[in-house]
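S.K.:
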Amino acid sequence: MVLEKLGIFADPNDIPSDVATAIFVSKHVSSSGRAALTVHTTGNLTKEAKFGGNPEEISYVSPSIIRRALRALKAGAGQAGVQIEITMEATHHGPTSLSMPVCFVEIGSGEKEWADPVLGEIAANAVMSAIDVEETPPTAVGFGGTHYSAKHTRICMEGNYAIGHLVSSHSFDGGVSERVVGDTFSKTTGSCNTAIVDWKGLHSNDRRRLISSLEAAGARTFLQSARRLFHVAQKPDWEETYLLIKISVLGVAIVGGIGFVIRILFWLVGLYNLPQSQTTPTP
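Add 639 to a position in the sequence shown, counting from 1, and you land on the number used in the working numbering.
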């Protein structure tokens with residue numbers, strides 16, 4: 640169906656109630672003008688609601704739809720021989736009050752990409768693939784990182800988890816409440832109690848606030864480091880986690896220090912073994 644308004648301003652009266660999932664194909668705009676095909680769900684994570692929806696309200700989301708759309712975009716671009724960035728975006732803009740899961744598949748970020756029929760076909764095929772394939776992967780909510788989270792995108796593309804809502808570090812700057820963090824789990828289809836946190840992608844104060852919110856939500860949490868996910872606990876013992884991190888850092892420092900001392904010793908031994916220069920005594 641074609642809406643007579645921008646999808647971000649859609650409300651429950653615009654979408655038939657028997658629709659299982661609302662997938663919008665839309666233009667993507669970014670300040671950088673980067674050429675990209677993007678996928679994300681919707682919601683206003685803070686009190687700011689400039690682009691549709693209600694403040695501090697997020698949509699329902701099907702993480703498996705998000706993942707299938709991402710993977711289909713990648714496959715379609717590969718088959719068409721198109722070199723373009725494919726990424727998951729953080730949760731943002733409206734609509735927020737629809738009764739079904741919401742997904743946006745976007746083509747960006749300028750006139751050239753919007754008018755490209757090949758990109759349009761790739762996006763359309765991705766939507767069809769997303770709704771045609773049935774799968775039930777383990778689901779998660781993503782936290783931290785930038786608006787275009789390479790780490791969470793890689794997990795959806797290559798890993799076992801399907802990620803629905805994605806809360807970037809920018810949203811924490813705007814003040815994400817504990818209730819909204821809880822909603823990112825309760826508004827995920829199926830049963831979701833897993834958080835995947837880009838630990839380095841959050842400021843220390845935001846980490847502490849997030850920890851408190853995740854504990855309140857009863858989420859089992861994974862910390863992201865490089866390509867690995869480190870499972871913390873069902874009810875994270877964060878003091879223990881900090882201790883493990885400190886021990887790891889200390890261990891690296893000790894090993895590094897020993898290596899430095901050994902190099903100095905080898906250097907001194909080398910100096911000692913150098914042939915002594917001959918000098919003529921002064922009369």
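Backbone N, C-alpha and C define an ideal beta-carbon position, used for all residues, glycine too.
Quick caveat: nothing in here was measured; it's all calculated off a predicted structure.
Does the Cβ of Ala858 lie closer than 8 angstroms to at least one heavy atom of the ligand NAD?
M.R.: Ligands are entirely absent from the displayed structure, and the ligand NAD is therefore not among its contents.
S.K.: Taking only runs of the alpha helix (DSSP H) that begin and end inside the stretch 696 to 771, which ones reach a length of at least 4 residues, in chain order?
M.R.: Entirely contained in the stretch 696 to 771, the alpha helix (DSSP H) runs reaching 4 residues are, in chain order, 702 to 719, 750 to 753, 756 to 771.
S.K.: Going by DSSP, what residue range makes up the alpha helix (DSSP H) through Thr936?
M.R.: This structure cannot settle anything about residue 936, because the visible part of the chain is limited to 640 through 922.
S.K.: Cα separation between Leu712 and His791?
M.R.: Counting from 1 along the sequence shown, the entry for residue 712 is found at position 73. Counting from 1 along the sequence shown, the entry for residue 791 is found at position 152. Cα to Cα, Leu712 sits roughly 16 angstroms from His791.
S.K.: Excluding the 5 residues preceding and the 5 following Thr677 in the sequence, name in chain order all residues of the same chain whose CB lies nearer than 6 angstroms to its CB.
M.R.: Walking along the sequence shown from the start, residue 677 turns up at place 38. The residues are His667, Thr726, Glu728, Glu745.
S.K.: Cβ of Thr823 within 9 angstroms of Cβ of His804?
M.R.: Mapped onto the sequence shown, residue 823 falls at position 184. Mapped onto the sequence shown, residue 804 falls at position 165. Contact: yes.
S.K.: For Gly733, which option in Thr685, Lys751, Thr860, Glu854 has the closest C-alpha, if you only look at C-alpha atoms?
M.R.: In the sequence shown, residue 733 corresponds to position 94, counting from 1. If we check each option's Cα against that of Gly733, Thr685 comes out closest.
S.K.: Provide the residue(s) that pair with Gly682 in DSSP beta bridges, ordered along the chain.
M.R.: By one-based count along the sequence shown, residue 682 stands at place 43. Gly682 pairs with Ile697.
S.K.: Ile770 and Pro702: beta carbons closer than 9 angstroms?
M.R.: For this step, residue 770 is matched to residue 131 along the sequence shown. For this step, residue 702 is matched to residue 63 along the sequence shown. Cβ distance not < 9 angstroms, so Ile770 and Pro702 don't count as in contact.
S.K.: Just list the beta strand (DSSP E) runs in the stretch 766 to 803, keeping only unbroken ones of 3 residues or longer that don't cross its boundaries, in chain order.
M.R.: Runs found: 778 to 782.
S.K.: Between the Cα of Gly813 and those of Ser852, Ile654, Ala716, Asp845, spot the shortest distance and give me the residue it belongs to.
M.R.: Position 174 of the sequence shown, counting from 1, holds the residue named residue 813. The shortest C-alpha separation from Gly813 is found at Asp845.
S.K.: Helix, strand or coil: how does DSSP classify His842 here?
M.R.: Working through the sequence shown from its first residue, we reach residue 842 at position 203. It is coil, neither helix nor strand.
S.K.: Let me make sure I understand the geometry here. Which of Ser670, Asp653, Met640, Ser671 has the alpha-carbon closest to that of Val664?
M.R.: As a position in the sequence shown, residue 664 is number 25, starting the count at 1. Cα-wise, what sits closest to Val664 is Met640.
S.K.: Between Ser736 and Asp650, which are expected to be in contact by the criterion C-beta below 8 angstroms, what is the C-beta distance as a whole number of angstroms?
M.R.: By one-based count along the sequence shown, residue 736 stands at place 97. By one-based count along the sequence shown, residue 650 stands at place 11. That belief holds up - the Cβ atoms of Ser736 and Asp650 are roughly 6 angstroms apart, short of 8 angstroms.
S.K.: In angstroms with no decimal places, state the Cα-to-Cα distance between Ala674 and Gly798.
M.R.: Residue numbering aside, residue 674 sits at position 35 when the sequence shown is read from its first letter. Residue numbering aside, residue 798 sits at position 159 when the sequence shown is read from its first letter. Cα-Cα distance, rounded: 25 angstroms.
S.K.: Rounded to the nearest angstrom, what separates Gly672 and Ile662 at their Cα positions?
M.R.: Indexing the sequence shown from 1 puts residue 672 at position 33. Indexing the sequence shown from 1 puts residue 662 at position 23. Roughly 24 angstroms separates the two Cα atoms.
S.K.: When DSSP labels each residue in this structure, what does Leu849 get in the three-state scheme?
M.R.: What you label residue 849 is simply residue 210 of the sequence shown in a count that begins at 1. If DSSP states are grouped into helix, strand and coil, Leu849 belongs with the helices.
S.K.: Taking only three categories from DSSP, how would you classify Phe648?
M.R.: Residue numbering aside, residue 648 sits at position 9 when the sequence shown is read from its first letter. In this structure, Phe648 counts as helix in the three-state DSSP scheme.
S.K.: Rounded to a whole number of angstroms, what is the C-alpha to C-alpha distance between Phe715 and Glu724?
M.R.: Locating residue 715 in the sequence shown gives position 76, where the first residue counts as 1. Locating residue 724 in the sequence shown gives position 85, where the first residue counts as 1. The residue you asked about is not Phe; residue 715 is Gly in the sequence shown. Taking the straight line from one Cα to the other gives about 12 angstroms.
S.K.: Got a sec, what are the start and stop residues for the beta strand (DSSP E) Ser665 sits in?
M.R.: Within the sequence shown, residue 665 is the residue found at index 26, counting from 1. First-last of the beta strand (DSSP E) with Ser665: 661 to 668.
S.K.: Suppose the cutoff is 7 angstroms on Cβ atoms and the five residues either side in sequence are ignored; what does the same chain contact list for Asn652 look like?
M.R.: As a position in the sequence shown, residue 652 is number 13, starting the count at 1. No residues qualify anywhere along the chain.
S.K.: Under the three-state reduction of DSSP, which class applies to Asp657: helix, strand or coil?
M.R.: Here residue 657 corresponds to residue number 18 of the sequence shown, with the count starting at 1. Note: Asp657 maps to coil in three-state DSSP.
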